[in-house]
Structure formats: structure tokens, C-alpha cells
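Okay, so here's the structure we're looking at.
In my numbering, the protein residues as written are 358 to 619.
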């Protein structure tokens with residue numbers, strides 16, 4: 358099981374605070390509030406057009422914007438045989454009854470990480486109101502995709518955002534007064550960046566780079582500059598305390614405190 362994603366602190370679209378959704382091979386599982394019920398096949402991402410199921414790997418978000426009806430949004434990652442050759446990957450939304458709707462398909466190698474952005478052009482420019490996802494394994498450079506409500510896909514060369522490109526693993530909107538927690542699975546660590554670090558970046562887009570498809574593992578903060586009609590990008594490189602190159606899987610902001618190891 359992978360790709361855990363809580364419904365957040367809001368109740369909308371038939372989803373309720375405390376529910377948790379996760380990727381389970383070719384579908385979506387659900388854990389109800391207080392872990393009362395666990396269903397591994399709550400939703401299977403197929404319809405009359407898409408019958409060849411694709412893996413769902415760490416690529417769920419709950420739409421907090423309302424643009425996508427406060428539904429779950431998921432993107433498929435790899436093929437059932439484990440390959441990542443370019444092929445059609447699905448972008449779906451799923452209602453509270455577990456009914457999937459295919460928004461569009463993108464011919465690419467691997468989709469991972471997804472978010473819906475508020476429809477605020479002053480904050481996100483042409484990305485406002487869109488689904489944002491990416492392919493860290495695209496060649497020769499990592500790609501970021503914007504999907505509009507009518508299913509139109511715009512492809513972005515990530516080197517336009519940062520010279521080395523951004524090899525997307527995860528996306529988050531930076532909230533007020535919450536620490537960021539990240540998983541370094543190779544070292545068995547949960548890494549924390551304190552909320553104070555993000556004081557000047559509230560509401561900006563955070564993109565996580567795992568450090569697998571491109572070294573180093575890093576966090577990228579994207580701030581829309583309307584005067585320049587483009588994003589200003591800040592990279593935060595991750596290295597372990599011993600100086601070795603780290604590895605980031607998915608990240609999450611949370612209003613909790615986990616004390617450091619001593």
C-alpha cells in the first residue's frame with residue numbers, strides 16, 4: 358500500500374475529516390474515520406475506455422479548491438509489468454461513492470505527485486485552477502503537466518523553472534505554522550523542516566524531488582511573480598547529517614510536533 362492521503366480538515370464533496378485514501382496497485386483503498394473499516398478495493402480506475410489498469414503509486418490528492426468538485430484526484434504511474442515505457446497514463450477524479458471519471462490521458466513514462474491549485478491567477482499565474490502533476494523519468498528532461506477542467510493538457514519543460522530541471526515526486530501548498538515532514542527511506546529517517554523556515558513562503562507551491570531520477574534530493578519553492586510573468590524558484594538541497602546524499606519520498610505538512618532524536 359502506498360500513497361496515503363487524508364481528506365484534510367474540511368468536510369466537502371461527501372468526504373469527511375479523518376478519512377484516509379491510499380493507492381493499492383491498480384485502485385484506491387479507503388480507511389474510514391477511527392480506522393473502523395478498511396477497504397482495499399474502494400475504487401478501481403477503469404471505465405468503458407480504459408480497461409488496461411495502470412499502477413497508482415503515491416499519486417492522490419483531495420481537491421480543496423472546489424474546482425474539481427472536492428473529489429479525489431489520482432494519476433497513474435507505471436505499467437502492471439513494472440515497466441515505465443512511454444504509454445498513456447490516466448488522470449482521474451473520484452467522487453465520495455468511489456465512482457471514477459477519466460479527465461484525460463497523457464502519453465508519458467511515469468506520473469507521480471499531484472495537486473489541484475486554487476483558481477487564483479495572482480498567486481499561480483497560468484497554473485491557477487489546474488491539476489498539476491509531473492514525470493520525473495521523462496527524457497531528456499523532467500516534465501510538469503497542467504490539466505485544465507476541460508481536460509486540455511499543457512506540457513512544461515521543468516528546466517524553465519530551474520536550470521537542472523525539477524524531477525517531481527510530490528506537491529504541497531505551504532500552509533501557515535506547520536512543520537514539513539519527509540521520508541528518507543534509505544536511512545530510515547523522518548526529516549523535519551520547521552514551520553519557521555517557510556514564514557515568507559505561505560501559500561506558495563512546494564515541489565519535492567526524490568533524488569532518484571536526478572541528484573540531489575531537494576525541495577523547490579515556487580512563487581509566482583506577476584511582474585515577471587513567471588515563477589521564482591528556490592531550491593533547498595537535502596543532505597544527511599553525515600554529509601551523504603539523501604533520498605526523499607513523499608512529504609507532508611502537519612500541525613504536530615515530533616521531537617528530534619538525541
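Ideal placement from N, C-alpha and C gives every residue a C-beta, glycine not left out. These numbers were taken from a predicted model, which means no experiment stands behind them.
Inter-residue Cα distance where the pair is residue i and residue j
| i | j | result |
| --- | --- | --- |
| residue 396 | residue 547 | 27 Å |
| residue 417 | residue 399 | 14 Å |
| residue 468 | residue 434 | 5 Å |
| residue 594 | residue 510 | 30 Å |
| residue 360 | residue 504 | Confidence in residue 360 is poor, its pLDDT being 38 and thus under 50, which makes the residue's placement unreliable; the coordinate value appears in the next sentence. Straight-line Cα distance between these residues: approximately 21 Å. |
| residue 589 | residue 518 | 8 Å |
| residue 341 | residue 560 | Given a span of 358 to 619 for the chain in the structure shown, any question on residue 341 remains unanswerable. |
| residue 600 | residue 574 | 13 Å |
| residue 563 | residue 587 | 16 Å |
| residue 488 | residue 392 | 29 Å |
| residue 524 | residue 497 | 12 Å |
| residue 598 | residue 404 | 48 Å |
| residue 584 | residue 542 | 40 Å |
| residue 366 | residue 596 | Interpretation of residue 366 is limited by its pLDDT of 49, a score under 50 that renders its predicted location unreliable; no figure is taken from the coordinates. |
| residue 411 | residue 446 | 7 Å |
| residue 603 | residue 550 | 14 Å |
| residue 495 | residue 484 | 20 Å |
| residue 582 | residue 479 | 8 Å |
| residue 470 | residue 490 | 6 Å |
CB-CB length for residue i against residue j, believed under 8 Å
| i | j | result |
| --- | --- | --- |
| residue 527 | residue 401 | Actually they are not in contact, since the Cβ atoms of residue 527 and residue 401 sit about 24 Å apart, beyond 8 Å. |
| residue 610 | residue 535 | 4 Å |
| residue 522 | residue 499 | 5 Å |
| residue 390 | residue 372 | Not a contact, Cβ separation roughly 11 Å. |
| residue 473 | residue 422 | 5 Å |
| residue 493 | residue 570 | 4 Å |
Beta-carbon proximity check, residue i vs residue j, cutoff 9 Å
| i | j | result |
| --- | --- | --- |
| residue 477 | residue 370 | no |
| residue 557 | residue 605 | no |
| residue 381 | residue 429 | no |
| residue 475 | residue 425 | no |
| residue 443 | residue 461 | no |
| residue 432 | residue 407 | no |
| residue 385 | residue 394 | no |
| residue 555 | residue 537 | yes |
| residue 531 | residue 515 | no |
Range covered by the alpha helix (DSSP H) that runs through residue i
| i | result |
| --- | --- |
| residue 481 | 478 to 481 |
First and last residue of the uninterrupted beta strand (DSSP E) at residue i
| i | result |
| --- | --- |
| residue 490 | 488 to 492 |
| residue 513 | 510 to 514 |
| residue 521 | Note, residue 521: premise wrong, no beta strand (DSSP E); not H, not E. |
| residue 474 | No beta strand (DSSP E) contains residue 474, which DSSP labels as neither H nor E. |
| residue 539 | 536 to 541 |
| residue 548 | 546 to 550 |
| residue 500 | 500 to 504 |
Proximity test, residue i beta-carbon vs the ligand ZN heavy atom, cut-off 8 Å
| i | result |
| --- | --- |
| residue 597 | The model depicted lacks the ligand ZN and carries no ligand whatsoever. |
#### Entry: 3-residue-minimum beta strand (DSSP E) runs that sit fully inside the stretch 379 to 461, ordered along the chain
Listed in chain order, they are 384 to 388, 395 to 401, 417 to 419, 429 to 432 and 444 to 451.
* Which ranges would you report for the beta strand (DSSP E) in the stretch 553 to 608 if only whole runs of at least 3 residues count? -> 562 to 566, 575 to 582 and 587 to 594
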